[in-house]
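Residue numbers (my numbering), protein chains in the order written: chain A, 7 to 223; chain B, 7 to 223.
Glycine included, each C-beta is placed from N, C-alpha and C at the ideal position.
Predicted model only: the values in this text are computed from it and were never measured.
These notes concern the structure reproduced below.
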DNA sequence: CCCGATATAGGGTAAACACCCTATAAATTA
DNA sequence: TAATTTATAGGGTGTTTACCCTATATCGGG
C-alpha cells in the first residue's frame with residue numbers, strides 16, 4: 007500500500023517543521039508539500055492533489071475555513087484536518103460545515119494528529135475528545151427524547167397523512183385536493199389531530215412534525 | 007494523582023480478561039471490578055462508584071444502553087464508554103442519548119479504548135472516527151448552510167423581534183401585547199417580514215425561524 | 001348479533017389571518 | 001439640509017382557520 011500523501015498548511019515555519027518531523031516518522035505518510043498562507047494552500051492543493059491536508063485555521067490572508075470551503079467545492083475527495091488553537095464551538099462548527107474530515111487542537115498530544123490523518127485517509131472523521139464533547143452536546147440538544155413519542159401513536163394512518171401535508175405548508179384546500187377529499191374533511195382531521203396532540207394552532211402542528219422528524223425545517 | 011477507577015462490563019469472561027490485561031498495563035488505571043450482566047453491572051456500579059465504566063451493549067438480561075440510562079439517572083458523575091460490535095447509527099445514537107461519554111467499536115485498535123477512558127475521565131468524549139463520521143453527517147443534516155443567511159439581514163431589529171414572537175406561536179394580538187404596540191402594527195411588520203423573506207404563510211415564518219436557529223422546534 | 005368505539009367524511013360560523021391602502025414622527029444616510 | 005429608512009398607527013376585504021354540529025362504514029367485545 008502506498009503512503010498517505012500529505013500537505014501541511016501553517017503560517018509559522020517552526021510549526022511546519024515540527025509537523026514534518028512528527029508525520030515523517032510515520033512510515034505510512036509522505037509529506038509532498040507545505041504552504042504558509044491560504045492563497046498558497048489553494049494553489050498547492052490544486053497542483054499536488056494531496057490525500058490529506060493538515061490545515062491551520064488562522065492564516066494571514068484567507069482563513070483556513072474559507073480555504074477548506076473553496077477546495078472542497080472543486081476537489082471533494084481531498085481530506086482536510088483542522089489543526090488549530092481554537093477550541094470553541096464557533097470555529098469548530100464552521101469548520102465542520104466547511105467539510106472538514108477532522109479537528110485537532112494544537113495542544114493535543116501528537117498521536118491525536120496521527121490518528122486523525124489515518125482516519126481521514128480511511129474516509130472516517132477524527133474529532134478530538136474535547137470537541138467531540140461539544141458535538142455530542144449539540145446532538146443531544148437537537149435529538150428528541152424518544153419518551154415523548156407516545157402521542158403520535160394515537161393518530162390514525164389517515165391523520166398522519168393529513169398531518170404531514172399540513173405541516174408541509176399546505177392549506178386545507180390543498181390537502182383536500184391532494185387526498186381527493188373535501189376541505190371540510192381535512193379540517194375535521196386536523197381538529198382530531200390537534201385534540202389528540204393537545205395542540206391549538208396550525209403552526210404547532212408544524213413544530214410538532216419537525217420535532218418528530220416527519221418533515222424538515 | 008490517583009488512578010482512574012474502572013469497572014468492566016461484558017458477558018464474556020475472555021473479553022473481560024483481555025480488557026483487564028490491556029487496561030492494567032496503563033499505570034494510570036485501576037480495575038476495581040467486573041460484571042457479566044446488566045443487573046450485575048447496576049449493582050456493582052452502585053456499590054463501587056467507579057470513575058469510568060467500559061460497557062458492552064449486548065448483555066444477556068438488560069441492554070448496556072438501558073443500564074447506562076438507569077445508572078446516569080442516579081449517578082450522573084459516572085462516565086460510561088460503549089465498547090461494542092455495533093457500528094450502526096441506531097445503537098450509536100441511542101447510546102449517546104443515554105448519556106455515554108465515549109463509543110468505541112470492538113474491532114478498533116486497543117489504543118482507542120485507552121484514549122476513550124482517559125478522555126472520559128477528563129470530562130471529554132471519545133468517539134471513534136468511524137462513528138464520528140456518522141455524528142458529523144447528522145450534524146450537517148441539521149446544521150443550516152450559512153450561505154442562505156443573506157435575507158435575514160434585510161430585516162430591521164424590530165422585525166426580527168416580531169418574527170421571533172410570531173414564530174414562537176403567538177398570534178398578532180399576543181405579540182402586540184408583548185411589545186406594547188397595536189395589533190395592526192404587528193400585522194404590518196409581519197407583512198414586511200414576509201415580503202422581504204418571500205414567504206406567504208404564517209407557518210413559513212415558523213420554519214424559517216427554526217432553520218435559522220432563532221427558535222427551537 | 002347488536003353495541004360501542006373508531007376512522008372517515010361533510011357542513012356552518014365567528015375569529016384570525018394575508019394582503020391591500022395611507023400616514024406621521026424619528027432616526028439614518030446622503 | 002434633504003432624502004431615505006424605520007417604527008409606529010390606522011382602515012378595509014376576501015380567505016383561511018379553529019371550533020362547533022352531524023353522518024356513514026367498519027370492527028371488536030359483550
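- Residue 206 (chain B) and residue 180 (chain A) have their C-alpha atoms spaced approximately 15 Å apart.
- Within the DSSP secondary-structure output, residue 97 (chain B) pairs in no beta bridge.
- The residues 44 and 63, in chain order, have a CB closer than 7 Å to that of residue 69 (chain A) in the same chain once the five nearest residues on each side in sequence are set aside.
- Checking the DSSP bridge columns, you'll see residue 15 (chain B) partnered with B:41 and B:61.
- Between the C-alpha atoms of residue 139 (chain B) and residue 191 (chain B) there is a straight-line separation of about 48 Å.
- Interface criterion met: the Cβ of residue 135 (chain A) is under 8 Å from a Cβ in chain B.
- For residue 216 (chain A), the closest alpha carbon among the candidates A:197, A:188 and A:171 is that of A:171.
- Around the beta carbon of residue 80 (chain B), a 10 Å sphere encloses fewer than 16 other beta carbons of the protein chains shown; the residue is thus reported as exposed.
- DSSP links residue 108 (chain B) through a beta bridge to B:87 and B:132.
- Between the stretch 73-87 of chain B and the stretch 126-140 of chain A there are fewer than three inter-stretch CB-CB distances shorter than 8 Å, so the stretches are not counted as touching.
- Each of B:40, B:183 and B:58 was checked against the Cα of residue 20 (chain B), and the nearest Cα belongs to B:40.
- At least one CB of chain B lies nearer than 8 Å to the CB of residue 132 (chain A).
- The residues 164, 165 and 168, in chain order, have a CB closer than 7 Å to that of residue 195 (chain A) in the same chain once the five nearest residues on each side in sequence are set aside.
- Looking only at B:102, B:199, B:108 and B:30, the smallest Cα-Cα distance to residue 9 (chain B) is reached by B:30.
- For residue 36 (chain A), the pairing in a beta bridge is given by DSSP as A:11.
- Put simply, the backbone Cα of residue 136 (chain A) is about 8 Å away from that of residue 93 (chain A).
- Using a Cβ-Cβ cut-off of 8 Å, residue 63 (chain A) does not count as an interface residue toward chain B, since no Cβ of chain B sits closer than that to its own.
- Annotation: the continuous alpha helix (DSSP H) that includes residue 70 (chain A) extends over 70-80.
- Pairing residue 119 (chain B) with residue 142 (chain A) gives a Cβ-Cβ distance that is not under 8 Å.
- DSSP, reduced to helix, strand and coil, places residue 222 (chain A) outside both helices and strands of the structure shown, so it counts as coil.
- Secondary structure note for residue 191 (chain A): its alpha helix (DSSP H) is the uninterrupted segment 189-203.
- Taking the C-beta atoms as reference points, residue 71 (chain B) is found nearer than 8 Å to residue 104 (chain B).
- If you draw a straight line from the Cα of residue 117 (chain B) to the Cα of residue 56 (chain B), it comes to about 21 Å.
- At least one CB atom of chain A sits nearer than 8 Å to the CB of residue 145 (chain B).
- The residues 105, in chain order, have a CB closer than 6 Å to that of residue 78 (chain A) in the same chain once the five nearest residues on each side in sequence are set aside.
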